[in-house]
Structures are given as structure tokens and as C-alpha cells.
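These notes are about the structure you will find just below.
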């Protein structure tokens, strides 16, 4: 997994300000590989739709993934005939690689892509990008699985799509409904810091990007779409599914180990209404209580199972100490990650050591309860022992939460965490400008440069100004690009 993102947070979401006519607000990328037949009707239909309905200036970029047929020639002719069309040539295959290359080089504040077959009805394009222009959302996706979507496809693809999304929900806790619909958009300022963390260069690129964005707390807007399956699709279902499952395993492992610096792509504190102060309620207390209760309930069940197992071959005090020790280590690790949101391995040993001190206090409470029970009756029933232990654990749990919150995992984010730091406008304004406009390169034939680059930089080390001023324009009226 790439972890070379530069530190910092995204600025608060804002509506893209108005700008002079002619500045592209939207860059729609069409990744293609050997699509000489479908490319021309797709581009002309898309251009006609945008020219007729989209209220801002736009660009259509054809991203050629090392095609071996006449696709590059078709793309070149379209770019020569239509001013809003440009083409980008890569010498390596991969949809993710194409999107990364074009999105990284684009100067448009809103970046989108769609499949060349245009299976998705184009009337969903404006609803897709509108939340990004307004500042409401960070990413937007078309969903074929939304309740109001209308989809025409065979049972095989329907089963595969729904099964894949169930796997994502079960393994990566994804909450978005459709990962692989070829109809997505992202704000450029988000892409600058998110794309360097996305490792896949193929079909799993979409899923990985969405999972990381969701885990970082970015807002993903879903648009129900009308979608008709393309029977001539060249996608290899078995190979794609295999690669996707490998990607799920890789991303899940990275998230579990905390090796991804997701705090670097988080919005600043206060951007989310849930971050606002509530009188007489400490920040994060409600969420931490819910997480702690869930972890505590599972830990208690785990502890009781261990106690029952150890009790078979040892006395009650020994069984209690062993069960509490094992469950305490698991409880500290779970609360560290899930309740208090501590990621990575830094401080893990210290946290476990402090957790063992808290464990000692719980041991005193539970052992004292067992001692009192044994003093009251010589041979207590096993159910009575469990009831006493549950009561003692409830008391120990309250104390454990207070100690965890105040001592083991104190909230220092307001003082020293980059996630809580305000957006550095001076640094943002110092971002170097691109040396040439994107439109100045109508046809790029150089091979794709795979050299890693940092978030906030394009592949050539520069980024155009992140704040582009937008102004609605009417086609055929004030737009000087009108070649007719």
C-alpha cells in the first residue's frame, strides 16, 4: 500500500466559486481499449448531451489504454474536429491507471468518468456532479442497486454484482451500494490526496478509492441511474472477479493493521455537524460510549466462555485470572481501534501495559467478589458464580471506561493532531501552478510514468491552483469555444 501522502487535511467543503467563461469545470474521462467501433458514437452523443444541458464549460478526455486497433486514430480525429475533446495515450493497460493519469493531470475542479458503452443514461450526469460543484459531497457514484434505479441486465450479471457488494459490506464494512458502476465523479482537491493512496491500476481501482474515501470520513453521494447492460462488453468476468477479491484482501489487511494514513485525507474538525460542541457533553463521548458498550458486551461473552473452559481443569480464582487476562488484552486492542480511533502500531505496547493495570483493578473486583461468595457458601453453583462475575464486571466496566478515556486513550486531538489542525491557507496558496494548460496537449503519446508522486502533486510535480472560479455559460451564446 502506498503511504507517501504528504501530511495535512483537506479544506472544508465549499461551493466552487464563479469563474470566467471557457474554464472547464468538468472533465469527463472515457477510458478505452480497442474500442474503434463504439468510441465515435459515444463521444459525439456525450458531447451533444453536455453541449445541450450542462450549464458550465466542460472537457471530454479519451484515455487510450494501449489500444492495438485504430482507436488512437479515431480519438485523434475526434479531438481535431471537436474543441472540447482531447485524447491521452498510455502504453499500459488498466482502467485505474488511465483514470489516475488523466485525473492527476487535469485542471478541472470536478473530474468524472464513464464507460464507453454509455450503459448509464446521461440524464444522471448533471445530478452526479452537482453535489461536487455545490460543495455538498466529495465523491459521487451512480448506483444500479438503489431502490429507484431502473436496470436491464441478465440474471448472471445481476447475481455477480449483488454478491460482490455483499462481500464488500461484510468484509470491508462498505456502506455505498454499487462499487463497480462505470459512472463516477470526484472533486479535484480530493483526488490530489486520495489517488496516491490507491494502489490498484485495474478494475478494482473504483472500489479501493471508495473504501478509502469512506473510511476517511469523506462524503459519497449516490445517484440512482437507469442502466442497460451491454451484451458486447469485453470485460472478462472471472479474471476481474478474481482480481477484485485479491484487492479486497489487500485493502482489508491494510485497514486492519492501520498502515494507511487515512487521517491525512480527512476534512478539518468542525466541517462535519457531528463535530460541533453540545453543551455539557464532552466531544465524542456519545460515540465512544456506544463503541465501548459493544466491545464490552462482546468481551464479557468472550470472558465467560474462557472462564467456563478454564474452570474445567482449575479452581475459580485461577480460571478467573486467566480468562480476565486474555479477554483484557483483546478488549484493550478492540477499544483502542474501534472506540477511541487509534490507528497504527505507535504506542500499542504502552496502551497494552496501561490496559493491564486496568485489568489488575478489574481482577481485584472480580476476585474479591468470588472470595466473598466462597466465604458465604462452600460449594456455590456454577450459575451463581457467573451471576456474581457479571455483576462485578459491570462495576469494573464503568471504571475501565473512565480510566481508558482519561488515562490510556486521552483525547489530545485538539492540541497535537493534524486531523484537528485548521487548513493552512498559506501553504495552500503556495501550491505551484501548472506550467501549461491541459488543453495545450491535445494528443499525448508518451508512455505512462509509473513514478510514485505525493498527494497534492501531479505526475510532473506540479498542480494548478486548486481554486478555480466558475461561471454558468450558455452554449452558443457567450462561449468563445463555439466553433460553429
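Residue numbers (this note's numbering): 198 to 681.
No residue lacks a Cβ here, since even glycine has one placed at the ideal position from N, Cα and C.
{"query": "For residue 634, which residues of its own chain have a beta-carbon under 8 Å away from its beta-carbon, when the five flanking residues on both sides are left out?", "result": "In this prediction, residue 634 scores a pLDDT of 37, lower than 50, which makes its location untrustworthy; the coordinate-derived value is nonetheless stated afterwards. Cβ neighbours of residue 634 beyond the five flanking positions: 304."}
{"query": "Just the C-alpha distance for residue 565 and residue 518, rounded to the nearest angstrom, thanks.", "result": "12 Å"}
{"query": "Report all residues from its chain with a CB closer than 6 Å to the CB of residue 420; omit the five preceding and five following residues, and keep chain order.", "result": "321, 324, 325, 339"}
{"query": "In terms of residues, what are the limits of the beta strand (DSSP E) holding residue 310?", "result": "307-311"}
{"query": "Out of 451, 545, 378, 418, state which residue places its alpha-carbon closest to the alpha-carbon of residue 395.", "result": "451"}
{"query": "In whole angstroms, what is the alpha-carbon distance linking residue 520 and residue 500?", "result": "6 Å"}
{"query": "Per DSSP, which residues does residue 364 bridge with? Please list them.", "result": "For residue 364, which the question treats as bridged, DSSP gives no partner whatsoever."}
{"query": "According to the Cβ coordinates, are residue 256 and residue 225 closer than 9 Å?", "result": "yes"}
{"query": "Between which two residues does the beta strand (DSSP E) holding residue 569 run?", "result": "Note, residue 569: premise wrong, no beta strand (DSSP E); alpha helix (DSSP H) at 545-573."}
{"query": "Quick one: residues in its chain with C-beta nearer than 7 Å to the C-beta of residue 514, no 5 flanking neighbours on either side, listed in chain order?", "result": "564, 567"}
{"query": "Could you check what DSSP says for residue 231 in three-state terms: helix, strand or coil?", "result": "coil"}
{"query": "Examine the Cβ distances between the segment 246-265 and the segment 286-300 and report whether three or more of them are shorter than 8 Å.", "result": "yes"}
{"query": "Quickly, what does DSSP pair residue 380 with across the bridge? List them, please.", "result": "311"}
{"query": "For residue 340, which residues does DSSP report across the bridge?", "result": "421"}
{"query": "Using DSSP with H/G/I as helix, E/B as strand and the rest coil, what is residue 439?", "result": "helix"}
{"query": "Between which residues of its own chain and residue 387 is the CB-CB distance below 6 Å, once the five residues before and five after are set aside?", "result": "335"}
{"query": "DSSP on residue 349, reduced to helix/strand/coil?", "result": "strand"}
{"query": "Counting only the same chain and skipping the five closest in sequence on each side, list residues whose C-beta sits under 6 Å from that of residue 484.", "result": "none"}
{"query": "Check whether the Cβ of residue 499 lies closer than 9 Å to any Cβ atom in chain D.", "result": "Going by chain labels, chain D is absent from the structure shown, which holds only one protein chain."}
{"query": "Based on the DSSP secondary-structure assignment, which residues constitute the bridge partners of residue 317?", "result": "424"}
{"query": "Using a Cβ-based criterion (distance less than 8 Å to any ligand heavy atom), does residue 531 qualify as near the ligand ZN?", "result": "Ligands in the displayed structure: none, and consequently the ligand ZN is not present."}
{"query": "Check whether the Cβ atoms of residue 553 and residue 524 sit closer than 9 Å, and answer yes or no.", "result": "no"}
{"query": "Among residues of its own chain, excluding the 5 on either side of residue 585, which ones have a beta-carbon nearer than 6 Å to its beta-carbon?", "result": "566, 570"}
{"query": "Below 9 Å between beta carbons: does that hold for residue 409 and residue 445?", "result": "no"}
{"query": "Measure the alpha-carbon distance for residue 345 versus residue 302 and round it to whole angstroms.", "result": "35 Å"}
{"query": "What distance in whole Å lies between the Cβ atoms of residue 385 and residue 487, which are believed to be in contact at a cut-off of 8 Å?", "result": "The Cβ separation is near 36 Å, so there is no contact."}
{"query": "Expressed to the nearest angstrom, what Euclidean distance is found between the alpha-carbon atoms of residue 269 and residue 288?", "result": "11 Å"}
{"query": "With a threshold of 8 Å on Cβ separation, who are the neighbours of residue 231 within its own chain once the five nearest residues in sequence on each side are excluded?", "result": "264, 265, 266, 268, 431"}
{"query": "Let's test the definition: count the other Cβ atoms within 10 Å of the Cβ of residue 417 and tell me whether it reaches 16, buried, or not, exposed.", "result": "buried"}
{"query": "Out of curiosity, what's the CA-to-CA distance linking residue 604 and residue 588?", "result": "24 Å"}
{"query": "Measuring alpha carbon to alpha carbon, tell me which residue in 555, 583, 454 is nearest residue 498.", "result": "583"}
{"query": "Give the range of the alpha helix (DSSP H) segment to which residue 585 is assigned.", "result": "579-600"}
{"query": "Please determine, among 458, 505, 598, the residue with the shortest C-alpha to C-alpha distance to residue 543.", "result": "458"}
{"query": "Three-state secondary structure (DSSP) at residue 395?", "result": "coil"}
{"query": "When we look at the beta-carbon of residue 558 and count the other beta-carbons within 10 Å, is it buried (16 or more) or exposed?", "result": "exposed"}
{"query": "Could you check what DSSP says for residue 207 in three-state terms: helix, strand or coil?", "result": "coil"}
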